[in-house]
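Colleague: Take a look at the following structure, please.
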Amino acid sequence: MIAGIFDPIYQVTTAILAACYQVTKSYSLSIALLTLVIMVLVLPLTLKSTKSMLEMQQLQPEIKKLQQQYPDMQQRNEAMMALYKEHSVSPLGGCLPMLLPMPLFIVMWRVIRGLTRACTDKLIADKPAFAGKVAGTFCPDHLGTSTKIFQDLVGRTKMMSLGFDLSKPAVQSIRDNILRGLPYVALVLLVTGSSYYQQRQVTIRNKNQPANPQQQMLLKLFPLLAGGTALFFPAGLSIYWLTQNVFRIGQNSYITRRFYREGGLGHKAQVAAAAARELADAKKGDKADKAAPKGFRAAAKELAESNASAKAARTAKPGASSKKPTPPVKPAAKPTPPKPAAKSTEVAGSNGAKPGSSRPSPQRPRPSRPAPRPKPDQK
């Protein structure tokens with residue numbers, strides 16, 4: 000039931016493939032030409048979705064402000080939808096480049112598998128176009144019986160092109176004959192290498208964006224996934240994947256020149272994303288600093304200073320002492336003898352010093368007075 004829903008898509012795709020084969024007379028070139036037709040048709044959608052994704056990135060500072068302004072989820076979503084409507088931006092518009100490859104891969108896999116469908120007794124009995132054919136040979140699906148590619152494939156057991164049997168996976172070819180399987184290995188390596196270069200283009204132009212660990216892991220695994228697919232799926236699908244990668248390498252170069260030059264939409268989006276990150280980091284730092292108690296802040300500052308001193312000591316030149324030289328101790332100053340207090344002018348005058356002079360005069364010994372006599376007791 001589900002397969003019948005997608006039959007029109009398979010029929011249109013095989014019709015384009017049959018038209019390409021009518022011109023090229025080669026299975027490999029026909030698959031490559033069909034891939035180019037599909038990629039050219041999808042190119043406007045890819046450019047539009049890339050532009051939408053960059054516009055979304057350009058709105059990141061305002062989105063951060065709305066997230067901090069509205070703690071309530073419903074109010075925040077309403078404010079963000081109003082923001083998207085104001086700037087005519089679709090939040091799902093940038094998802095198309097990530098969603099398209101898988102459906103296209105499934106369509107091409109079903110088309111190539113349909114070209115090399117094996118005949119069964121039921122098919123031979125039900126369809127007159129397969130009458131007289133041997134079970135196990137090709138009975139192409141989704142193809143018109145009058146097309147050149149149908150007539151060249153029906154009743155055959157191989158789909159030979161450029162020295163490859165496009166109906167065979169690389170693993171099976173290597174298992175049958177190692178030497179004959181080497182071209183298939185080279186084809187798998189080309190698919191893996193082109194996938195890696197394509198992902199590297201995307202990584203380089205987004206180097207100023209925050210690195211998502213999961214996304215980085217997926218970008219590293221994607222070339223290996225493409226190589227594994229080319230290793231275990233029919234070689235005709237490897238031709239499709241290699242052609243798609245070559246086209247996307249040129250497409251990425253065009254997108255980089257158009258959007259990511261200085262002053263372009265991609266460059267503005269990167270600047271806006273960097274500003275949003277700095278704003279978020281600054282607010283996080285302010286909150287953490289305000290929330291920390293004073294004692295903790297002082298201890299953290301002291302620890303930072305001690306770490307800086309330790310780092311300076313480690314980076315000092317070899318042979319130099321890690322301890323700072325102790326400054327020489329200055330000798331204690333000699334105590335100044337206290338000056339005699341100045342006497343009044345009357346006392347100074349009586350001792351023979353000049354009136355008004357602050358210099359003390361040598362004092363003369365006073366004559367001793369006789370001791371007073373005791374008084375007689377009065378009766």
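In terms of numbering that gives the first Met the number 0, the sequence shown opens at residue 0 and continues consecutively.
Idealized CB from N, CA, C, for every residue including glycine.
Just so you know, these numbers come straight off a predicted model, no measurement behind them.
(1) Alpha carbons only, please: which of Ala17, Ile248 and Leu220 is nearest the one belonging to Val110?
(2) On the DSSP letters alone, give me the boundaries of the alpha helix (DSSP H) that Arg256 sits inside.
(3) Reducing DSSP to helix, strand and coil, say where Pro168 ends up.
(4) If I follow the unbroken alpha helix (DSSP H) through Ala18, where does it start and stop?
(5) Give me the Cβ distance between Trp240 and Val201, rounded to the nearest whole Å; I'm assuming they're in contact under 8 Å.
(6) Where does Ala298 fall in DSSP's three states?
(7) For Ser172 and Arg116, what's the separation of their Cα atoms in angstroms?
(8) Using 8 Å as the Cβ pair cut-off and three pairs as the minimum, do the segment 166-181 and the segment 138-151 touch?
(9) Name the one or two DSSP bridge partners that Ala117 has.
(10) To the nearest angstrom, how far is it from the Cα of Asn251 to the Cα of Tyr9?
(11) Which residue wins for smallest C-alpha separation from Thr13, given the options Phe149, Tyr253, Leu40 and Ile254?
(12) Assuming contact is defined by CB atoms lying nearer than 8 Å, are Ala134 and Thr119 in contact in what I supplied?
(13) Exposed or buried, what is Met107 when buried is set at 16 or more other beta-carbons lying within 10 Å of its beta-carbon?
(14) Ignore the nearest five residues each way along the sequence and tell me which others in Lys289's own chain have a CB closer than 6 Å to its CB.
(15) Within a Cβ cutoff of 6 Å, which residues of the same chain sit near Ala319, ignoring the five residues on either side of it in sequence?
(16) If we define contact as Cβ-Cβ less than 8 Å, is Pro168 a contact residue for chain C?
(17) Spatial neighbours of Arg174 within its chain, please: CB distance less than 8 Å, with the 5 preceding and 5 following residues excluded, ordered by chain position.
(18) Going by DSSP, name the residue or residues bridged to Ser160.
(19) Does the contact criterion of 3 or more C-beta pairs under 8 Å hold for the segment 58-66 versus the segment 26-43?
(20) Give the secondary structure of Ser194 by DSSP, where H, G and I count as helix, E and B as strand, and everything else as coil.
(21) Tell me the rounded alpha-carbon separation between Asn205 and Lys84.
(22) Residues in the same chain with beta-carbon distance under 7 Å from Ser160, minus the five sequence neighbours each way, listed in chain order, please.
(23) Please go through the segment 65-129 and give each complete alpha helix (DSSP H) segment of 4 or more residues, from N-terminal end onward.
(24) Is it buried or exposed for Ile203, if we count other Cβ within 10 angstroms and need 16 for buried?
(25) According to the neighbour-count rule (16 or more other Cβ atoms, all chains shown, within 10 Å of its Cβ), is Gln74 buried or exposed?
(26) So the candidates are Asp71, Ala185, Ser194 and Asp151; which of them puts its Cα closest to the Cα of Thr242?
(27) Looking only at its own chain, which residues have a Cβ that is under 7 Å from the Cβ of Phe221, when we skip the five neighbours before and after it?
(28) Taking the CB atoms as reference points, tell me whether Ile123 and Tyr196 lie closer together than 8 Å.
(29) Would Ala299 be called buried (16 or more neighbouring beta carbons within 10 Å of its own) or exposed?
(30) Tell me the DSSP secondary structure of Leu46 in three-state form.
(31) Just to confirm, are Ile380 and Gly235 a CB contact at a threshold of 8 Å?
(32) Does DSSP classify Lys219 as helix, strand or coil?
(33) Taking the alpha helix (DSSP H) that Lys147 belongs to, which residues open and close that run?
(34) Exposed or buried, what is Met158 when buried is set at 16 or more other beta-carbons lying within 10 Å of its beta-carbon?
Modeller: Quick answer:
(1) Ala17
(2) Ala234 to Phe258
(3) strand
(4) Asp6 to Thr23
(5) 17 Å between Cβ atoms; not a contact.
(6) Annotation note: pLDDT 48 at Ala298 (below 50); position unreliable, no value reported.
(7) 18 Å
(8) no
(9) Phe137
(10) 28 Å
(11) Phe149
(12) yes
(13) buried
(14) For Lys289, the predicted model reports a pLDDT of 48, less than 50, meaning its position is unreliable and no value from the coordinates is stated.
(15) With a pLDDT of 47 at Ala319, under the threshold of 50, the modelled position of that residue is not reliable, and no figure is offered here.
(16) Considering every chain present, this structure includes no chain C. It has just one protein chain.
(17) Gly180
(18) Phe163
(19) no
(20) helix
(21) 26 Å
(22) Ser25, Tyr26 and Ser27
(23) 72-86, 95-98, 100-114 and 120-125
(24) exposed
(25) exposed
(26) Ser194
(27) Ser194 and Gln198
(28) no
(29) At Ala299, the pLDDT of 49 sits below 50, so the modelled position is not reliable; the number obtained from the coordinates is stated separately. With fewer than 16 Cβ atoms within 10 Å of its Cβ, Ala299 is classed as exposed.
(30) helix
(31) The structure shown does not extend to residue 380, since the chain is modelled only from 0 to 378, so the question has no answer here.
(32) helix
(33) Lys147 to Leu152
(34) buried
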